[in-house]
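The block underneath contains the structure these notes are about, expressed in structure tokens.
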Amino acid sequence: MARTHSLNTYRNIGIMAHIDAGKTTTTERVLYYTGRSYKIGEVHDGNATMDWMEQEQERGITITSAATTCHWNDHRINIIDTPGHVDFTIEVERSLRVLDGAVAVFDSVAGVEPQSETVWRQADKYKVPRICFVNKMDRIGADFYRCVSMIVDRLGAVPLVTQLPIGSESEFVGVVDLLSMKAVRWLDESLGAKFEVVEIPEDLKSKSLEYRTSLVELAVEQDEEALEAYLEGEEPSLNTLKRCIRIGTLSSSFVPVLCGSAFKNKGVQPLLDAVVDFLPSPLDVESVKGIVPDSEEEIVRESDDAVPFSGLAFKIMNDPFVGSLTFVRIYSGVLEAGKTVANTVKDKKERVGRMLEMHSNSREDIKEARAGDIVALAGLKDTTTGDTLCDPLSPVILERMDFPDPVIEVAVEPKTKADQEKMGTALARLAAEDPSFRVTSDHESGQTIIKGMGELHLEILVDRMRREFKVDANVGAPQVAYRETITRTAEIDYTHKKQTGGSGQFARLKLILEPLPVGSGFEFENKVVGGSVPREYIPGVEKGLESSKETGVVAGFPLIDFKATLVDGASHDVDSSVMAFEIAARAAFREGIPKCAPKLLEPVMRVEVVTPEDYMGDIIGDLNSRRGNVSGMDQRGNARVINAMVPLANMFGYVNTLRSMSQGRSQYTMHFDHYEQVPQAVADEVTAKMA
32 MARTHSLNTY
42 RNIGIMAHID
52 AGKTTTTERV
62 LYYTGRSYKI
72 GEVHDGNATM
82 DWMEQEQERG
92 ITITSAATTC
102 HWNDHRINII
112 DTPGHVDFTI
122 EVERSLRVLD
132 GAVAVFDSVA
142 GVEPQSETVW
152 RQADKYKVPR
162 ICFVNKMDRI
172 GADFYRCVSM
182 IVDRLGAVPL
192 VTQLPIGSES
202 EFVGVVDLLS
212 MKAVRWLDES
222 LGAKFEVVEI
232 PEDLKSKSLE
242 YRTSLVELAV
252 EQDEEALEAY
262 LEGEEPSLNT
272 LKRCIRIGTL
282 SSSFVPVLCG
292 SAFKNKGVQP
302 LLDAVVDFLP
312 SPLDVESVKG
322 IVPDSEEEIV
332 RESDDAVPFS
342 GLAFKIMNDP
352 FVGSLTFVRI
362 YSGVLEAGKT
372 VANTVKDKKE
382 RVGRMLEMHS
392 NSREDIKEAR
402 AGDIVALAGL
412 KDTTTGDTLC
422 DPLSPVILER
432 MDFPDPVIEV
442 AVEPKTKADQ
452 EKMGTALARL
462 AAEDPSFRVT
472 SDHESGQTII
482 KGMGELHLEI
492 LVDRMRREFK
502 VDANVGAPQV
512 AYRETITRTA
522 EIDYTHKKQT
532 GGSGQFARLK
542 LILEPLPVGS
552 GFEFENKVVG
562 GSVPREYIPG
572 VEKGLESSKE
582 TGVVAGFPLI
592 DFKATLVDGA
602 SHDVDSSVMA
612 FEIAARAAFR
622 EGIPKCAPKL
632 LEPVMRVEVV
642 TPEDYMGDII
652 GDLNSRRGNV
662 SGMDQRGNAR
672 VINAMVPLAN
682 MFGYVNTLRS
692 MSQGRSQYTM
702 HFDHYEQVPQ
712 AVADEVTAKM
722 A
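Start counting the sequence shown at 32; every next residue gets the next number (the working numbering).
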């Protein structure tokens, strides 16, 4: 079967935004106008096609990024809807990794909000070209020009305004297209499907000319011929302008800015045109790089059907009808249903059962997929998020995604015996879907502990367990993931001897334990010379230390940021074994750590509160009372922004306090920043609680 769309007509894009900027509504409209959904879903009714999980529909926020394929002007657009809530940044990172371009949606009333900045910086990290859509132009307080200046101030980007709004709030009727210098008005009764192109209204003529001039000047700088012609007084043609804007967008020299109101069906078609005109095809972005397993040699896989198949699994979803679905972005080659592929990260073979092209809630079986496609595979057994799938004959590992460690944990226990088994399965499947979610069991209490990136993150996972897997569970109060570390260097000489007739056990170790800088983790080094500890016993020492560091001596939390160096030891020809050295290492650890002045560490969160001026004093006072350290204050439009570092232990339930303090007018976002030492009084409290 030959390719139906050539690669340069593909657009793999994501829609990224702050929560409530209208991302899902915008996607809905895109699907409606490209002929994919016949009834427009509204988020407020809870039946939008992209928000396919029940909870998303209830909460009105997008949690998983469903991938959808649609067509516009002979181009094939794959859209990935990304979540905008800060607890789900991991989903956003993962989506950005497989996209070629993105549409950033802003709320014209609120402008650039905290989460938009976080997502924007993540997109910078992966060098994703973007266009901006200033949405909600029909709302009271909509201000397009303020939003454009915020794009400069907060995101440090260069906006290239390609449209101006005609009217705003309830008077918003259309846009001025600065490329063709015509006005586009939507006819209300036709659900935005019909619009008329008219002359620019008198009151906007001078403003349009001013913006048009700066647009042309910015655009022609991208192309020497166009620049020369322009300097000689020749106005660039529409095609030249589009070509120049495309060059600038792809190199991220500037971001085209459009406006509209997705809810009122205005401005969606020009947005689709801009996606096709300015965002990259798989051929415009750098080819994906990978390493050959075992040899660490770097290779490049071009976006081409003729080269061997390679793809990245970027999302796993549980589907009630098909079971587990793995979403894969195909970077090179052709993938056929029924073929066997290699998972190079897990070193396993996988057979591709069904291959589906997804529309947000209906699906179509396909027989093959080619470079540039985003498809869902059913029936994969071992593949998890971030794994590479490729042709078994030419293996490659595409770059791994790095996922942050969880900072909050809660204990969950099944309500009945019947729930017990189901809970195990449910948690295992949820953990395969979401790498920032971990499940462990506490050996002493026998409880199952789930860990995640924030309160909302865990709340939603427990909720999904109830709905999708029908497991009822009791959930404990959230606990902070404390850590321990050492602050002094010490040397330990330990001998393990056990003689009870027959062969006994003997191992002697000399270890140096020393603190490392924050964020270094654990290091082990073997400096034994002259074979006083035979080579084959060294792994036993390392294993003993590895297992011991999971329970520290202050309050039983994992020990981080230290180094253990084995400098000397002794062994016995008959009585020594790997086991004996492992036992010796554990005992040496327990004896040695108390000599190193161990301390308790706690996760400290970077908190940003956006609030009207009136509540500023109360909020700062409250943050200080939470052992917070306010590091700065900014003005943002007419609101104030407070930046602070606050220990996670003092942030539980903060959302309710903040709401009542500011009558619901303030918002906050927080994410993990670093671990730092706990003050002695607090450490004593934690230790007493754990004892």
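Glycine included, C-beta positions come from ideal geometry on N, C-alpha and C.
{"Asked": "So for residue 496, helix, strand or coil by DSSP?", "Found": "helix"}
{"Asked": "Can you tell me whether DSSP reads residue 152 as helix, strand or coil?", "Found": "helix"}
{"Asked": "Could you give the distance in angstroms between the alpha-carbon of residue 670 and the alpha-carbon of residue 417?", "Found": "39 Å"}
{"Asked": "Find the nearest neighbour of residue 402 within the set 374, 395 and 364, judged by alpha-carbon distance.", "Found": "364"}
{"Asked": "Select from 596, 298 and 567 the residue whose C-alpha is nearest the C-alpha of residue 557.", "Found": "596"}
{"Asked": "To the nearest angstrom, report how far apart residue 6 and residue 333 are at their CA atoms.", "Found": "The first residue shown for the chain is 32 and the last is 722, placing residue 6 beyond what the model contains."}
{"Asked": "With DSSP collapsed to three states, give me the class of residue 643.", "Found": "strand"}
{"Asked": "Among 227, 487 and 218, which residue has its Cα nearest to the Cα of residue 683?", "Found": "487"}
{"Asked": "Decide if residue 302 is buried, meaning its Cβ has at least 16 other Cβ atoms within 10 Å, or exposed.", "Found": "buried"}
{"Asked": "What does a CB cutoff of less than 7 Å around residue 543 pick up in its chain, not counting 5 residues either side in sequence?", "Found": "520, 522, 596 and 598"}
{"Asked": "Which whole-angstrom value is the C-beta distance of residue 593 and residue 545, which I expect to be below 8 Å?", "Found": "7 Å"}
{"Asked": "Along the chain, which unbroken stretches of the beta strand (DSSP E) at least 3 residues long are found entirely within the region 296-371?", "Found": "319-322, 329-332, 341-350, 354-363 and 365-367"}
{"Asked": "Please classify residue 72: is it buried, with 16 or more other beta-carbons within 10 angstroms of its beta-carbon, or exposed?", "Found": "Residue placement at residue 72 is poorly supported in this model, since its pLDDT is 48, which falls under 50; the coordinates are not used for a value here."}
{"Asked": "Which residue comes first and which comes last in the beta strand (DSSP E) that contains residue 248?", "Found": "Here residue 248 belongs to no beta strand (DSSP E); instead the alpha helix (DSSP H) covers 236-251."}
{"Asked": "Looking at C-beta atoms only, is the number of pairs between the region 439-455 and the region 500-520 that lie closer than 8 Å three or more?", "Found": "yes"}
{"Asked": "Is the beta carbon of residue 42 sitting closer than 8 Å to the one on residue 240?", "Found": "no"}
{"Asked": "Quick one, are the C-beta atoms of residue 654 and residue 675 less than 8 Å apart?", "Found": "yes"}
{"Asked": "In the region 532-614, which residue ranges form an unbroken beta strand (DSSP E) of at least 3 residues, counting only runs that do not cross its ends?", "Found": "536-546, 553-557 and 593-601"}
{"Asked": "Under the rule that 16 or more other beta-carbon atoms within 10 Å means buried, what is residue 131, buried or exposed?", "Found": "buried"}
{"Asked": "Quick check on residue 342: buried or exposed, where buried means 16 or more other Cβ atoms within 10 Å of its Cβ?", "Found": "buried"}
{"Asked": "What did DSSP end up calling residue 423 once you bin it into helix, strand or coil?", "Found": "coil"}
{"Asked": "I'd like to confirm the pairing. Which residues does DSSP put opposite residue 471 in its beta bridges?", "Found": "480"}
{"Asked": "Look at the Cβ atom of residue 162, then the Cβ atom of residue 281, and state whether they are nearer than 8 Å.", "Found": "no"}
{"Asked": "Across the region 377-385 and the region 488-501, are there enough close Cβ pairs to call them in contact, namely three or more that are closer than 8 Å?", "Found": "no"}
{"Asked": "CB-CB under 7 Å to residue 70, same chain, minus the five flanking residues each way: which ones, in chain order?", "Found": "Caution is warranted here: a pLDDT of 44 is assigned to residue 70, below 50, making its placement in the model unreliable, and the coordinate value is therefore given only provisionally. Around residue 70: no qualifying Cβ."}
{"Asked": "Tell me the DSSP secondary structure of residue 69 in three-state form.", "Found": "Bear in mind that a pLDDT of 42 at residue 69, under 50, signals an unreliable position, so the model cannot answer this."}
{"Asked": "Ends of the beta strand (DSSP E) at residue 529?", "Found": "521-529"}
{"Asked": "Exposed or buried, which one is residue 566 when buried takes at least 16 other CB atoms within 10 Å?", "Found": "exposed"}
{"Asked": "Leaving out five residues on either side along the sequence, give the residues of the same chain with a beta carbon under 6 Å from the beta carbon of residue 346.", "Found": "358"}
{"Asked": "Any contact of the region 568-575 with the region 612-625, i.e. 3+ C-beta pairs under 8 Å?", "Found": "yes"}
{"Asked": "Based on the DSSP output, what are the partners of residue 516 in its beta bridges?", "Found": "630"}
{"Asked": "When the distance is taken between beta carbons, is residue 249 closer than 8 Å to residue 226?", "Found": "no"}
{"Asked": "Evaluate the contact criterion for the region 184-203 versus the region 319-327: three or more CB pairs, one atom per stretch, below 8 Å.", "Found": "no"}
{"Asked": "Report all residues from its chain with a CB closer than 8 Å to the CB of residue 424; omit the five preceding and five following residues, and keep chain order.", "Found": "339"}
{"Asked": "State the Cα-Cα distance for the pair residue 258 and residue 252, rounded to the nearest angstrom.", "Found": "6 Å"}
{"Asked": "Roughly how many angstroms lie between the CA atoms of residue 88 and residue 99, to the nearest whole one?", "Found": "Residue placement at residue 88 cannot be trusted, given a pLDDT of 49 that sits under 50; what the coordinates show is reported in the next sentence. Spanning the two alpha carbons is a distance of roughly 18 Å."}
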